[in-house]
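Some notes on the structure that comes next.
Numbering (this note's numbering), first residue to last: 76 to 170.
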């Protein structure tokens, strides 16, 4: 774009600023809020970090659940062995 050409949008913005100054506005009243969109690389990096944190938390929770299930199964197997030996020490005779 050529430096000397002002777009209609820019012209309107300047006219509004000058009108506000003419109406007694101070520099503090004229502050313009400009919201920049975050760069795509920042969004990607933050997204990847959030994904990794959630992935790690999910893995930790899954590991804890699996280990608890294995402990319960081991306890059940030991209980089954004990009950099996208790009942089968003496043969039962059915007439």
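Using N, Cα and C, we set each Cβ at its ideal position, and we do this for glycine too.
Note that the structure is predicted; figures quoted are calculated from it, not measured.
Item	Value
Compute the Euclidean distance between the alpha carbons of residue 91 and residue 130, then round it to the nearest angstrom.	51 angstroms
Note down the Cα distance separating residue 150 from residue 140, rounded to an integer number of angstroms.	15 angstroms
Using the Cα positions of residue 122 and residue 114, report the straight-line distance between them to the nearest angstrom.	13 angstroms
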